[in-house]
Amino acid sequence: IFNSGLSGLGWLVERQSDDKGRLQIMIQLIRGFKDILPGEVEQWQEIERISRELFEDFGFKEIRIPIMERTELFKRSIGEDTDIVEKEMYTFPDRKGDLITLRPEATASIVRAYIQHKLFAKDPVQKFYLLGPMFRRERPQKGRYRQFYQIDAEIFGVASPLVDVQLILILVTLFDRLQVPDISAHINTLGCPQCRPGFKAALQEMLMSVSDRLCSNCIRRRDRNPLRVLDCKVPDCRAALKEAPSILDHLCSKCREDFAEVRCSLDKLKVPYVIDKRLVRGLDYYARTTFEIQTGSLGAQSAVAGGGRYDGLVKELGGPQIPATGFAIGFDRLAEISGLKPADYERKPDIFVAALGEKSQSLAFEWTCRLGLTGICAETDFSNKSLKSQMKRADRLGASYVLIVGDQELEEGTAILRNMATKEQTSISL
Ligand code: AMP
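Below, the structure written as structure tokens:
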């Protein structure tokens, strides 16, 4: 088997011998993907719970959308010159040959749903949140996965930059509630279709002068989409761009006013921020306010959330001219740096029913089921083990109480209830 092609897939299979020495093939998960197991998942659930609560307090409604869409949707919204569309999408023809893509982000699909179901008809102002997996075929490394999770929020129908501020406030509050240390909000503006061309031209001119220091991607983007160059993560490119012009010197009066309003209301709400003139975000559809939450605890992958205004996208995708703004948080990174500990949220049995003898065991099973139905988490043993090993298991599971019942106790109509913390035992009537 290994000589006929599978050997190239070393990451897919692990060779093992069974107890008779025969070769067994164990299938491993796909590179860049990961399992979230009990012991970790409790923290994820708590993060989800706290996020949902915060969103709902701010009037957001949950939206669920498919994980696959027509490829065209992402090409048109995210933009052809982006890393995502150029090289990271999981795109394949389905059995009929239609090109479909596993969603690399959520905004495009939420906009599609907003337009398709005419959610704007009754009231253009709509606020959505979403939690779920996204897919990008990036080079796997610490903090970067090919299936990763995001928490998304989008607000449609409000042109005022005050909602951008509200989004930043929600982000900062959420990170605080999730005990994430060392975060800072970075903000910038990308201007609008009126003032951005002037900035683009100035940037392009500057890029021409440092062309010999740029990577081949940047050279290509310099001509087609120069803003994207500011987003390049290659250290040499970043160094070459130290003296790049700032969009803040090229803003039209409306964009300047909006950005001032963002800063002023962040000050009023006492949300600290850094103005980051290189913050352009990787996707094409952004305009005006953009922001990122960065953390000191993640090394190179310092952005844990990002977002901004995308006023043109609803129209671009076939809807009316309706402004919109939103953000996405990287869940995996958030979980890594959150101070919430999975052990604090792990549900342990309230009671373990240790039964000795046939009759008691059958009753123990019945009681365990009935307790479960009333919301009391109960466990029992199904394999006729000794009392000692049942007690050991109860201890390992972290049960608060053990109810010990044997056939003799049954006849007397009693059982022993042991408090596992105080080791106190009381005889109780059945
Ligand atoms: P983006 O949609 O690219 O603006 O990303 C928003 C956030 O999602 C980022 O700040 C990251 O925290 C997270 N993120 C993006 N790509 C990945 C990935 N491949 N693996 C893990 N997290 C990611």
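Numbering (this note's numbering), first residue to last: 346 to 775.
Glycine is no exception: its CB is placed at the ideal position from the N, C-alpha and C atoms.
Distance check between L611 and each of I682, L662, P506, G536 places P506 closest, using alpha-carbon atoms only. A direct Cα-Cα distance of roughly 14 Å separates W389 from K379. H531 has V619, E637 as its beta-bridge partners, per DSSP. Leaving aside the five residues that flank I638 on each side, the residues in its chain whose CB is nearer than 8 Å to its CB run, in chain order, L516, V517, F520, I528, S529, A530, H531, A648, V649, A650, G651, I674.
In this structure, the C-beta of Q495 approaches the ligand AMP to less than 7 Å from one of its heavy atoms. Restricting attention to A498, Q539, F419, L447, the CA atom closest to the CA of R397 is found in A498.
For M551, the enclosing alpha helix (DSSP H) begins and ends at 541-554. P694 and E703 have their C-alpha atoms spaced approximately 23 Å apart.
In this structure, the CA atom of L701 is about 14 Å from the CA atom of L762.
In this structure C600 touches G536 by the C-beta definition: roughly 5 Å separates them, less than 8 Å. Relative to the ligand AMP, the beta carbon of V649 is positioned inside 7 Å of a heavy atom. In this structure, the straight-line span from the alpha carbon of N562 to that of G377 is close to 24 Å. In the structure shown, the three-state DSSP call for K432 is helix.
Taken atom to atom, the span from the alpha-carbon of V456 to that of L572 is near 24 Å.
Short note on E387: C-beta not closer than 7 Å to any heavy atom of the ligand AMP. Partner residues in the beta bridge of M479, as assigned by DSSP, are F493. Taken from the Cβ of G488, at least one heavy atom of the ligand AMP lies inside 7 Å. Look at N562 here: in three-state DSSP terms it is helix. A check of alpha carbon separations from S683 across F697, I392, Q373 identifies I392 as the nearest. For a cut-off of 8 Å, the C-beta gap from L732 to A699 is around 6 Å, short enough to register as a contact.
Contact annotation, N533 with T635: C-beta distance approximately 5 Å; criterion of less than 8 Å satisfied.
In terms of side-chain proximity, the C-beta atom of E450 is found nearer than 7 Å to a non-hydrogen atom of the ligand AMP. Looking at the DSSP output, G671 sits in a beta bridge with E499, G653. Residue environment for G653: buried (at least 16 other C-beta atoms within 10 angstroms of its C-beta). In the three-state scheme derived from DSSP, where H, G and I count as helix and E and B as strand, R415 is classed as strand.
Shown here, G751 sits in a strand according to DSSP, grouped into three states. Taking 7 Å as the cut-off, one finds no heavy atom of the ligand AMP near enough to the beta carbon of A680.
In this structure, the alpha-carbon of A709 lies about 40 Å from that of L476. Cβ-Cβ separation between A739 and V750: approximately 13 Å, too far for a contact (criterion under 8 Å). Under the three-pair Cβ rule at 8 Å, the stretch 579-593 counts as touching the stretch 548-566. G424 has its Cβ no nearer than 7 Å to any heavy atom of the ligand AMP. The three-state reading of DSSP puts T452 in helix, counting H, G and I together. Y631 sits in coil when the DSSP states are folded into three classes, being neither helix nor strand. The stretch 477-496 and the stretch 361-374 do not touch, with fewer than three beta-carbon pairs separated by less than 8 Å.
For R763, no alpha helix (DSSP H) encloses it; the enclosing beta strand (DSSP E) starts and ends at 759-764.
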